[in-house]
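**Q** Sharing a structure here in structure tokens format.
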Amino acid sequence: MGRSLKDWGKAIGRSRAVVVSLGVLLASYLRFVHATSRILYRSPAIDSEIAADRPVITALWHGQHFMVPLIKPKGQPFAVLMAAHADAEMNAIAIERLGLQTIRASGAQKPSEIRRKKGMVGFLQMLKALKNGTSIAMTADVPKGPAKKAGRGIVMLARHSGRPIMPLAYASSRRWNVNSWDSASFNLPFSRAAVVTSDLIYVPPETTDEEIDAYCARLTESLNEATRKAYAIVDRTE
Numbered sequence: 003m004g005r006s007l008k009d010w011g012k013a014i015g016r017s018r019a020v021v022v023s024l025g026v027l028l029a030s031y032l033r034f035v036h037a038t039s040r041i042l043y044r045s046p047a048i049d050s051e052i053a054a055d056r057p058v059i060t061a062l063w064h065g066q067h068f069m070v071p072l073i074k075p076k077g078q079p080f081a082v083l084m085a086a087h088a089d090a091e092m093n094a095i096a097i098e099r100l101g102l103q104t105i106r107a108s109g110a111q112k113p114s115e116i117r118r119k120k121g122m123v124g125f126l127q128m129l130k131a132l133k134n135g136t137s138i139a140m141t142a143d144v145p146k147g148p149a150k151k152a153g154r155g156i157v158m159l160a161r162h163s164g165r166p167i168m169p170l171a172y173a174s175s176r177r178w179n180v181n182s183w184d185s186a187s188f189n190l191p192f193s194r195a196a197v198v199t200s201d202l203i204y205v206p207p208e209t210t211d212e213e214i215d216a217y218c219a220r221l222t223e224s225l226n227e228a229t230r231k232a233y234a235i236v237d238r239t240e
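Per the numbering used here, residue 3 is the first one in the sequence shown, and the count goes up by one each step.
Encoded structure:
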């Protein structure tokens, strides 16, 4: 039997040429958003705390990560943790077009999913990057898990690497709020924008597994507070 229209659509969508073209378009769009937006506030910590000899683990909520490649300190190496599955390929291409490295792996809620999503491989790659002076940008909440709740992976990375977590939120006044599990916001051009950070979170190497959950709760609170402040600035509610 011949392919259905739906099957043809999927085949085209998975074509390497199409995916690359969409990734390039996404990178161009993000540059346009950045160029036409007015930054009302940018946390000084972004430039003062991040350096090649002081890499950090930048933590964001899902849905606030689109503009990260355009707000990092100039000249500082960054790698972004991206999902390993094919659906994330377009985003990975856009990130690389914007001058950042990508590490392809995903977090997981169940131990049985860690190997399939290359979680351990990605963890080791991030440790190596941090050791070599490259900062990491990653979302704190695990895909398909509880939205706006920090998972254990990012805290474990801070414990094993000795590098601090920088909670960060990006908000824009003009945005398209997506009805998805992560309540993503797609930033729009000609916006007021704000980039807010909270205090660095250090996780001592002697932290026990039982204490990890307390750091997850602290990171969740810090990210929520940074997000609240960022939206208050761009929406002028304070």
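By construction, the Cβ of each residue, glycine as well, lies at the ideal position given by its N, Cα and C atoms.
Do you know offhand how far Ile167's Cα is from Ala216's?
**A** In this structure, the straight-line span from the alpha carbon of Ile167 to that of Ala216 is close to 14 Å.
**Q** Within a Cβ cutoff of 6 Å, which residues of the same chain sit near Gln127, ignoring the five residues on either side of it in sequence?
**A** The answer, listed in chain order, is Ile105.
**Q** Report all residues from its chain with a CB closer than 6 Å to the CB of Tyr43; omit the five preceding and five following residues, and keep chain order.
**A** Hits under 6 Å: Ala196 and Ile235.
**Q** Determine, using beta carbons only, whether Thr60 and Ile138 come nearer to each other than 8 Å.
**A** Yes. Within cutoff.
**Q** Using only CA atoms, which one of Ser30, Phe188, Ala160 and Thr239 lies nearest to Leu221?
**A** Among Ser30, Phe188, Ala160 and Thr239, the Cα nearest to that of Leu221 is on Ala160.
**Q** In angstroms with no decimal places, state the Cα-to-Cα distance between Glu212 and Asp143.
**A** 19 Å
**Q** By the three-class DSSP mapping on this structure, what secondary structure does Leu7 have?
**A** Note that Leu7 has pLDDT 38, beneath the 50 cutoff, so the model's placement of it is unreliable and no number is given.
**Q** Count the other CB atoms within 10 Å of the CB of His67; is the residue buried (16 or more) or exposed (fewer)?
**A** buried
**Q** Spell out the partners DSSP gives Val197 in its beta bridges.
**A** Arg44 and Tyr172
**Q** Just mark Phe80 as buried or exposed, buried being the case when its beta carbon has 16 or more other beta carbons within 10 Å.
**A** Only buried fits Phe80, as 16 or more other CB atoms lie within 10 angstroms of its CB.
**Q** From Gly164 to Pro207, what distance separates their C-alpha atoms?
**A** 7 Å
**Q** Indicate the three-state DSSP secondary structure (helix, strand or coil) for Phe192 in the structure shown.
**A** coil
**Q** Verify whether the separation of the beta carbon atoms of Gly124 and Ala107 is less than 8 Å.
**A** yes
**Q** In the structure shown, what three-state DSSP assignment does Thr60 receive?
**A** strand
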